[in-house]
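Under the working numbering, the first residue of the sequence shown carries the number 485, and numbering increases by one thereafter.
Some notes on the structure that comes next.
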Amino acid sequence: MASQQPDGPFADRVVFVTGAARGQGREHAVRFAEAGADVIAVDVCEQLDSVAYPMATPEDLAETVASVEKTGRRIVAERCDVRDRDRLAAIVSRGVEEFGRLDFVLANAGIMPATGPQGREINAYVDAVDIMLNGVYYTVDAALPALLDNSDGGAIVITSSAAGLKSVSTDLGTMTHGAAGYTAAKHGVVGLMRHFAASLAARNIRVNSVHPGGVATPMVLNEAMVGFITENPSFGQSQMPLMTLPMMESGSVTDAIMFLCGPAGRYITGVALPIDAGLQLR
Ligand SMILES: NC(=O)c1ccc[n+]([C@@H]2O[C@H](COP(=O)([O-])OP(=O)(O)OC[C@H]3O[C@@H](n4cnc5c(N)ncnc54)[C@H](O)[C@@H]3O)[C@@H](O)[C@H]2O)c1
Numbered sequence: 485m486a487s488q489q490p491d492g493p494f495a496d497r498v499v500f501v502t503g504a505a506r507g508q509g510r511e512h513a514v515r516f517a518e519a520g521a522d523v524i525a526v527d528v529c530e531q532l533d534s535v536a537y538p539m540a541t542p543e544d545l546a547e548t549v550a551s552v553e554k555t556g557r558r559i560v561a562e563r564c565d566v567r568d569r570d571r572l573a574a575i576v577s578r579g580v581e582e583f584g585r586l587d588f589v590l591a592n593a594g595i596m597p598a599t600g601p602q603g604r605e606i607n608a609y610v611d612a613v614d615i616m617l618n619g620v621y622y623t624v625d626a627a628l629p630a631l632l633d634n635s636d637g638g639a640i641v642i643t644s645s646a647a648g649l650k651s652v653s654t655d656l657g658t659m660t661h662g663a664a665g666y667t668a669a670k671h672g673v674v675g676l677m678r679h680f681a682a683s684l685a686a687r688n689i690r691v692n693s694v695h696p697g698g699v700a701t702p703m704v705l706n707e708a709m710v711g712f713i714t715e716n717p718s719f720g721q722s723q724m725p726l727m728t729l730p731m732m733e734s735g736s737v738t739d740a741i742m743f744l745c746g747p748a749g750r751y752i753t754g755v756a757l758p759i760d761a762g763l764q765l766r
């Protein structure tokens, strides 16, 4: 669809989102587009052996494309595994060639490999760290040349988790390889966030992480997770926020990310922001 007259707080800006086929990543892509940004989107759109619930499909990514285009903004969307650094870099380059710049990077792609029989295989640990720690590094690294080219600075937001500030596993029953990998990766990206925040501050590129509690997406609303909680009530209790709100929707995470990327967040960098209705206080 032809681009409309740019409008909104992110008019003429460009955002790069990983894991954009559904869930939080799709919400971020569409809301940034509604705010005027063009979108570079990637998602693996493939079932991984270490994951016990259905992952996103190419049709999901097509739906993200259609939703972004409906806003009048443009999108470059490709299937890509965030473990593939060269392909990430090539896709960012294509997007920047098309849209002329890059302003925001949302390193959002992730898996929850703690549940099901797969979660007890060592591959679950390896995939968790490869995708949610190494993949985040590759995502930011692939975007850096374009961000550094941008004389206006920019913003990077890494989606960690409540599990970036406390353990997923609560006892021996929940001590799966996947839970270890998830906790390790989500803590690890706080280190990456501080590394990039310090290194890029002089170029006015701000870097923060967000740490959601439970968000209503297919990652947690699935049979494998229900089974894990039923078998391990301590895990279910540890995931209960203190506040008595309904389960968080993706849009509440998008709200925080838009704040961090927008002018209201211009003095904020190096921050690990919980969005968890008090879960960390438990
Ligand atoms: N849902 C929650 O309760 C919750 C809570 C805290 C943090 N998070 C984090 O939020 C982020 C988004 O998750 P979501 O809740 O939207 O789940 P989701 O499963 O709906 O979306 C995750 C997306 O990432 C994609 N993805 C997975 N591995 C990939 C890879 N190797 N390369 C490229 N894309 C890949 C998936 O295909 C999927 O589209 C994840 O990093 C997750 O760990 C989720």
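We treat Cβ as the ideally placed atom computed from N, Cα and C, and that holds for glycine.
Segment limits, beta strand (DSSP E) that includes residue i
i	result
Arg-563	559-563
Ile-642	638-643
Ile-524	522-527
Asn-607	Segment 606-613 is the alpha helix (DSSP H) holding Asn-607; no beta strand (DSSP E) there.
Pro-696	689-696
Leu-590	588-591
Val-549	Careful: Val-549 lies outside any beta strand (DSSP E), inside the alpha helix (DSSP H) at 542-554.
Ala-502	What sits at residue 502 in the sequence shown is Thr, not Ala. Residues 498-502.
Supposed contact pair residue j and residue i - C-beta distance, whole angstroms, cut 8 Å
i	j	result
Ala-682	Ala-626	Wrong, their Cβ atoms sit about 20 Å apart, outside the cutoff.
Ala-612	Val-674	Actually they are not in contact, since the Cβ atoms of Ala-612 and Val-674 sit about 15 Å apart, beyond 8 Å.
Asn-716	Thr-658	5 Å
Pro-638	Ile-689	The amino acid occupying residue 638 in the given sequence is Gly; Pro does not appear at that position. With a Cβ gap of about 5 Å, Gly-638 and Ile-689 count as contacting.
Gly-762	Pro-725	5 Å
Ala-504	Ala-546	Not confirmed; about 11 Å, so no contact.
Residue i - containing alpha helix (DSSP H), residue span
i	result
Ala-517	507-518
Ala-761	Taken as a continuous stretch (DSSP letters only), Ala-761 belongs to no alpha helix (DSSP H), as it is neither H nor E.
Phe-494	Per DSSP, Phe-494 belongs to no alpha helix (DSSP H) and is neither H nor E.
Thr-629	Checking the sequence shown, residue 629 turns out to be Pro, not Thr. Here the alpha helix (DSSP H) through Pro-629 covers 619-633.
Val-580	569-583
Val-674	661-684
Val-737	734-745
Val-710	707-715
Short Cβ contact (8 Å threshold) for residue i with residue j
i	j	result
Phe-494	Ala-519	yes
Cys-529	Ala-536	no
Asp-533	Arg-506	no
Arg-512	Thr-738	The identity of residue 512 in the sequence shown is His, whereas the question assumes Arg. A contact, by the Cβ cut-off of 8 Å.
Arg-585	Val-498	yes
Asp-527	Gly-509	yes
Val-699	Met-732	yes
Pro-597	Gly-697	no
Ala-708	His-661	no
Ala-593	Thr-502	yes
Thr-623	Val-580	no
Ser-644	Ser-693	yes
Pro-758	Leu-649	yes
Gly-754	Arg-687	no
Thr-599	Gly-492	no
Val-514	Ser-551	yes
Thr-548	Ala-525	yes
His-695	Ala-646	yes
Leu-676	Val-620	yes
Ser-722	Arg-766	yes
Val-691	Ile-615	no
> Should the segment 628-643 be regarded as contacting the segment 588-601, the criterion being three or more beta carbon pairs within less than 8 Å?
Replying inline: yes
> Is it true that the segment 648-657 meets the segment 600-608, where meeting means three or more beta-carbon pairs spaced less than 8 Å apart?
Replying inline: no
> Quick check: the segment 738-752 against the segment 669-683, are there 3 or more CB pairs under 8 Å?
Replying inline: no
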